[in-house]
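K.L.:
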Amino acid sequence: MDKYLQTDEWKIIEEGFNPERQRSSESIFSIGNGHMGQRANFEEHYSGDSLQGSYIGGIYYPDPTKVGWWKNGYPDYFAKVLNAVNWIGIDIYINGEQLDLEKCTVSDFTRTLDMKKGLLQRSFVAELQNGNKISVEACRFVSMERTEVGAIEYEIKALNFSGT
13 MDKYLQTDEW
23 KIIEEGFNPE
33 RQRSSESIFS
43 IGNGHMGQRA
53 NFEEHYSGDS
63 LQGSYIGGIY
73 YPDPTKVGWW
83 KNGYPDYFAK
93 VLNAVNWIGI
103 DIYINGEQLD
113 LEKCTVSDFT
123 RTLDMKKGLL
133 QRSFVAELQN
143 GNKISVEACR
153 FVSMERTEVG
163 AIEYEIKALN
173 FSGT
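13 is the number of the first residue of the sequence shown in the working numbering; add one for each residue after it.
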């Protein structure tokens, strides 16, 4: 397997945006606190290959499906985790164009999971199809103390234009 992640004592680091690895990275960079979990999906809209996932502990679907490898002695039901409400969705429009990393030119992409601080951080520069260039810094966590709380800090800077 191709090694695309870097590590240090407390961090997993991904440098460079590679859409083919998005689903794997969404799993590896997931955050959770024992009560809820969140895949490392992008905060902003992403039309590329992704598996959205927000989960709450103890909420599942008892699936009676017996798949091809089912054998005698296996349980009659399998517990399947259900998606909860997606709380990270942020729709960003720059001068009328939606920010979508699938449709932008992305550079300086870094995603970091800091396991000591419990933070998922991401930064990148995106050039939209209309030529507008922005830098984005995002930080997300789920609280260990208040287990129902998740928070996002999201910062956008215009690099070659002024607008809304």
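Glycine included, each C-beta is placed from N, C-alpha and C at the ideal position. This one's a predicted model, so the numbers in the text were calculated from it and none came from an experiment.
Specify, as a first and last residue, the run of the alpha helix (DSSP H) that GLU38 falls within.
P.N.:
Residues 34-40.
K.L.:
So, using beta-carbon positions, are GLN50 and SER62 closer together than 9 Å?
P.N.:
no
K.L.:
Between CYS116, ASN98 and ASP14, which lies nearest to ALA52 when the distance is taken from Cα to Cα?
P.N.:
Of all alpha-carbon atoms in CYS116, ASN98 and ASP14, the one lying nearest the alpha-carbon of ALA52 is that of ASN98.
K.L.:
Terminal residues of the continuous beta strand (DSSP E) containing GLU165?
P.N.:
162-170
K.L.:
Determine the burial state of GLU32: buried for a count of at least 16 other Cβ atoms within 10 Å of its Cβ, exposed for fewer.
P.N.:
exposed
K.L.:
Could you work out which residue in PRO76, LEU111, ASN95 and GLU165 is closest to ASP88 when comparing CA atoms only?
P.N.:
Nearest option by C-alpha distance: PRO76.
K.L.:
How is the beta strand (DSSP E) around ILE25 delimited, first residue to last?
P.N.:
23-27
K.L.:
Would you list the one or two residues that DSSP bridges to MET48?
P.N.:
ILE68
K.L.:
So what's PRO87 in DSSP terms, helix, strand or just coil?
P.N.:
coil
K.L.:
Classify PRO74 as helix, strand or coil using the three-state DSSP reduction.
P.N.:
strand
K.L.:
Start and end of the beta strand (DSSP E) containing VAL154?
P.N.:
145-154
K.L.:
Do you know how far the Cα of PHE121 is from the Cα of SER155?
P.N.:
26 Å
K.L.:
What residue does the beta strand (DSSP E) around THR159 start on, and which one ends it?
P.N.:
According to the DSSP assignment, THR159 belongs to no beta strand (DSSP E), since it is labelled neither H nor E.
K.L.:
Which term fits ARG152, buried or exposed, when burial requires 16 or more other beta carbons within 10 angstroms of its beta carbon?
P.N.:
Its Cβ being crowded by 16 or more others within 10 Å, ARG152 is buried.
K.L.:
Starting from LEU125, follow the beta strand (DSSP E) in both directions and report where the run begins and ends.
P.N.:
Start and end: 117-126.
K.L.:
For GLU55, decide whether its Cβ has a neighbour in chain B, counting only Cβ atoms nearer than 9 Å.
P.N.:
Included in the structure is just one protein chain, with no chain B present.
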